[in-house]
Amino acid sequence: MRRQTRAYTRAAAAVLLWSTVATAFELTLRHIDFVGLVLWSSLVSTGVLFLVLVAQGKIGHLGRMTARDWGMSAVMGMLNPFAYYLVLFKAYSMLPAQQAQPLNYTWPVVLVLASIPVLGQKIRLQSILACLVSFAGVVVVSTQGRLSTLRVESPLGVGLAVASSLVWATYWLVGMRDRRDDVVKLFCGFVFGCAAIMGTSVATGSLAIPPWQALAGAAYVGLFEMGVTFVLWLGALELSRTTAQVSILVYLSPFLSLVLIGAVLKEKILPATVVGLVLIVAGVAIGRLGELMENSRSRRAA
32 MRRQTRAYTR AAAAVLLWST VATAFELTLR HIDFVGLVLW SSLVSTGVLF
82 LVLVAQGKIG HLGRMTARDW GMSAVMGMLN PFAYYLVLFK AYSMLPAQQA
132 QPLNYTWPVV LVLASIPVLG QKIRLQSILA CLVSFAGVVV VSTQGRLSTL
182 RVESPLGVGL AVASSLVWAT YWLVGMRDRR DDVVKLFCGF VFGCAAIMGT
232 SVATGSLAIP PWQALAGAAY VGLFEMGVTF VLWLGALELS RTTAQVSILV
282 YLSPFLSLVL IGAVLKEKIL PATVVGLVLI VAGVAIGRLG ELMENSRSRR
332 AA
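In this note's numbering, each residue carries its 1-based index in the sequence shown increased by 31.
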């Protein structure tokens, strides 16, 4: 199989798996609280990532890490899985999946905004347009199309779903400053994140063996939301000639996810959800196009 074909295969597998997780979140949260779901899914993911390190022969990287590396891992672990999934799963426990999933997808636009003060990047016309289009989508999804009154049924749930995007964007910005192997970074961060989640579970009384349905759901989330899917995606990026050739497949994920939410969870997908999601994805695509154009100009100038 040609290198680029392998890249597409891995990227497609990752996108298909990510498309299932919103449904898995909702099903699992019927049997366990959001803190317990973060705990058990993170433990599964940490174990899977350790096995991946062994399989890839990267265990030796751990012995060469400096104090700064371990400190960076602690910071990243507090962001992901600790803060990100606590906020995200709490949002899913308060909102219909068709509402929480599109709102969480705004993180690429939040990343563009955060990059301006943090990385000193200039704001471009495409970035402004991307933010406005995605924000319009957020308003449509949050109000479920009630634009005349702008009434939001669960302001806290909506706020948490959007806040999860901010946490994820921050995680990416921090990770950009860390040049270690991606799988090593992810595993070490999850070790610290699991420790924090364990402490939170003890403090909140969530440290108990849940029913088998919750364990099965947590195992699925740990495998295909947090663990294996990231490895597949990173592999696709490494194999692909350019990032853009596989990144475009990500735009399919939220729409496939809506199909599963309707089919499995039996949620009636509202027209406002589809319209809002189209606007959010359009904003993300505009921002990505602006980034590619800027990179192209920079290469020509060099």
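Ideal Cβ positions, reconstructed from N, Cα and C, are used throughout, including at glycine.
The model shown is predicted, which means the values in this text are computed figures rather than measured ones.
Burial state of residue i, where buried means 16 or more other Cβ atoms lie within 10 Å
i: W49; result: buried
i: M133; result: The sequence as given places Pro at residue 133; Met does not occur at that position. So P133 counts as buried.
i: K121; result: buried
i: R182; result: exposed
i: G88; result: exposed
i: V290; result: exposed
i: V79; result: buried
i: R360; result: Residue 360 cannot be examined here, being either before or after the span of the chain that is shown, 32 to 333.
i: W101; result: exposed
i: P285; result: buried
i: A239; result: exposed
i: A303; result: buried
i: V171; result: buried
i: T77; result: buried
i: G318; result: buried
Option in the options with minimal Cα separation from residue i
i: I90; options: V141, F81, L263; result: F81
i: A247; options: A42, W71, V46; result: W71
i: S165; options: V118, G307, R95; result: G307
i: L144; options: T77, S271, P242, L204; result: L204
i: V66; options: F286, C225, Y136, V315; result: C225
i: I311; options: R41, V140, I279; result: V140
i: S185; options: L283, A131, L47, R272; result: A131
i: Y115; options: H92, T40, G220; result: G220
i: V222; options: T97, N111, G190; result: N111
i: R258; options: G102, G266, L217, Y282; result: With the sequence shown as reference, residue 258 is identified as Gly, and Arg is not the correct amino acid for it. The candidate whose alpha carbon is nearest that of G258 is L217.
i: V75; options: W138, A105, G230, Y251; result: Y251
i: M107; options: M96, V198, A128; result: V198
i: R34; options: V172, P302, G318, E269; result: E269
i: G206; options: R95, A98, A105, A86; result: A105
i: N135; options: L163, R95, A86, S173; result: S173
Alpha-carbon to alpha-carbon, residue j and residue i
i: T201; j: M109; result: 11 Å
i: L156; j: A234; result: 47 Å
i: L320; j: P242; result: 46 Å
i: S73; j: R208; result: 24 Å
i: A316; j: A245; result: 36 Å
i: L60; j: R210; result: 36 Å
i: L287; j: L47; result: 8 Å
i: L271; j: Y39; result: According to the sequence provided, residue 271 is Ser. The question's Leu does not apply to it. S271 and Y39: Cα-Cα distance of roughly 8 Å.
i: F261; j: V214; result: 9 Å
i: G253; j: L178; result: 37 Å
i: A267; j: R37; result: 7 Å
i: S278; j: V83; result: 23 Å
i: I159; j: S196; result: 18 Å
i: A128; j: I292; result: 7 Å
i: T231; j: K297; result: 33 Å
i: H92; j: H62; result: 38 Å
i: G190; j: T137; result: 12 Å
i: L142; j: M103; result: 20 Å
i: G94; j: L265; result: 23 Å
Residue i CB to nearest heavy atom of the ligand ZN below 8 Å
i: L217; result: Absent from the structure shown: the ligand ZN. Ligands present: none.
Other residues of its chain near residue i: CB distance less than 6 Å, five sequence neighbours each side excluded
i: V52; result: E256
Same chain, Cβ closer than 8 Å to residue i, five either side skipped, listed in chain order
i: V309; result: G168
i: Y282; result: V312, V315, A316
Residues near residue i in its chain [Cβ-Cβ closer than 7 Å; skip 5 each side]
i: L58; result: G248
i: A194; result: V118
i: Y123; result: F56, E57, L60, A131
i: D64; result: S237
i: V69; result: P112, Y116, L117, F120, I228
i: D212; result: K89, H92
Anticipated Cβ contact below 8 Å, residue i with residue j, distance rounded
i: A44; j: L280; result: With a Cβ gap of about 10 Å, A44 and L280 do not count as contacting.
i: A192; j: G314; result: Going by Cβ atoms, the distance from A192 to G314 rounds to 16 Å, so no, they are not a contact pair.
i: I300; j: F113; result: So it is not a contact: roughly 32 Å between Cβ atoms.
i: G188; j: L126; result: 4 Å
i: V295; j: T54; result: 5 Å
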